[in-house]
Amino acid sequence: MPRFTPEQVRRRQIVAGSLALLLVLVIGGCSVSVIRGLGGGGQEAAKSDPAPFTADDAAMEVAATSADAAALENLPAETTLAPDEVMGIDVSAHQEEIDWAAVANDGYGFAYIKATEGAGFVDSRFQENWDGAQAAGVVPGAYHYFTLCSSGADQAEDFLAAAPPDDSALPPALDLEFDGACEERPGAVDAQAEVDAFTAIVEKAWGRRLLIYSSSEWRDHYGLPVTDSRPDWLFSAGSRPMQGDWAVWQLRFDGTVSGISGGVDIDVARIEVLREHAGIPDGEGAIGHEVDEG
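Written out as structure tokens, the structure reads:
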């Protein structure tokens, strides 16, 4: 996933602090009912119940990477693609304006695009990137940068507003990291409850399990997220991930891609693994948790 510079993190922390102060002032003069639930106590229900959506399996077809594609130059030395593997990228507004036709010409068949972060933040170039990728024949997928300063339900609501179910897209992805402005670190049980709330709502709406990316810092602090049966997005520099059933492999943060200024995250997707692990049987809810149908 795109990284933040120390200066960007500092600015984001200043903005977050200012917003927190503003909320305190508003709470003092108005009913708390107008304030969205922030903080770590949020096992609250979603404000709405998105209608179930069944995605078309054909949407998960991505064109094969040609043997002479420029994209292959970003692979580690002596690494070749397996028959079911394709090259892709993940981007955000951090990459600024992207020439998606040039990206496609380099042989990249898919792109995960940042849609939202926390609650109340939509990436400023999300729709532009989404439309540009589709127009160029690059299959898009939307990802959400999760924070622990907002409830999982609120974050899911905002993600679905920005990235509603789209049967032409890859399954949505969830990014679990500590690089953003939020410094909240609730206990593991509370943190997992918020992640579960987000995944249950988004998976019900999209009809697909989420692709899960987690940083080493997140895993060290909380342990692995609940990813049973969900597709995994793993980072491994220099070689393939040791875990054999990965769906997406992020292999570098500083790749060179035509049409993009500066470094960009380079990925390889195993489409058949992604297809298998993203499918949700009818009536199934959050993975590993009982769902009360009442």
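For the sequence shown, this note's numbering begins at 100 and goes up steadily by one. Yeah, the Cβ is synthetic: ideal placement off N, Cα and C, and Gly gets one too.
Buried versus exposed, by CB contacts within 10 Å (16 or more), residue i
i	result
Gly354	buried
Val123	For Val123, the predicted structure reports a pLDDT of 36, less than 50, and the residue's modelled location is therefore unreliable. A value from the coordinates is still provided. Its Cβ having fewer than 16 others within 10 Å, Val123 is exposed.
Ser360	exposed
Glu293	buried
Gln194	buried
Arg284	exposed
Val238	buried
Gly128	Note on Gly128: pLDDT 43, under 50, position unreliable in the model; the coordinate value appears next. Gly128 comes out exposed.
Val288	exposed
Gly231	buried
Thr179	exposed
Gly217	buried
Gly236	exposed
Asp167	exposed
Glu302	buried
Ala408	Summary: the structure shown does not reach residue 408, with the chain confined to residues 100 through 393, and so no result is reported for it.
Ser338	exposed
Nearest-angstrom Cβ-Cβ length linking residue i and residue j, presumed shorter than 8 Å
i	j	result
Tyr312	Leu273	7 Å
Pro270	Gly240	7 Å
Ala304	Leu247	Actually they are not in contact, since the Cβ atoms of Ala304 and Leu247 sit about 22 Å apart, beyond 8 Å.
Val340	Leu310	Position check: residue 340 holds Pro in this sequence, whereas Val was assumed. 14 Å between Cβ atoms; not a contact.
Arg307	Ser328	Contact flag wrong, Cβ pair sits at about 12 Å.
Residue i vs residue j beta-carbon contact at 8 Å
i	j	result
Thr164	Gly206	yes
Gly279	Tyr242	no
Ala346	His376	yes
Ala261	Phe297	no
Ile197	Ala252	no
Ala169	Ser315	no
Nearest neighbour of residue i, chosen from the options [CA to CA]
i	options	result
Ala268	Ala234, Glu283 and Tyr321	Ala234
Ile365	Phe225, Ala287 and Tyr211	Tyr211
Lys213	Ala201, Val202, Trp229 and Leu309	Trp229
Ala181	Ile188, Leu171 and Asp189	Leu171
Arg351	Ala169, Ala255, Gly251 and Leu174	Leu174
Gly343	Glu316, Lys303 and Ala368	Ala368
Gly286	Ile188, His320, Ala262 and Leu309	His320
Gln291	Gln349, Leu309, Gly322 and Glu282	Gly322
Trp317	Trp348, Ala192, Arg307 and Glu282	Glu282
Asp222	Asp257, Val356 and Ser338	Asp257
Trp348	Asp167, Phe209, Ala203 and Asp295	Phe209
Glu371	Ala162, Thr179 and Glu184	Glu184
Phe225	Asp189, Val363, Thr179 and Asp167	Asp189
Phe334	Gly378, Glu276 and Asp295	Glu276
Val363	Ala192, Val161, Glu160 and Ala162	Ala192
Met186	Ser250, Gly378, Asp266 and Ala162	Ala162
Paired residues, beta bridge with residue i - DSSP
i	result
Leu333	Trp348
Ala210	Ile188 and Pro239
Phe277	None; Phe277 has no bridge partner.
Gly378	Arg307
Phe220	Glu216
Tyr321	Looking at the DSSP assignment, Tyr321 forms no beta bridge with any residue, so it has no partner.
Gly49	Past the edges of the chain, shown from 100 to 393, lies residue 49, and the structure says nothing about it.
Arg369	Glu184
Ser313	Leu275
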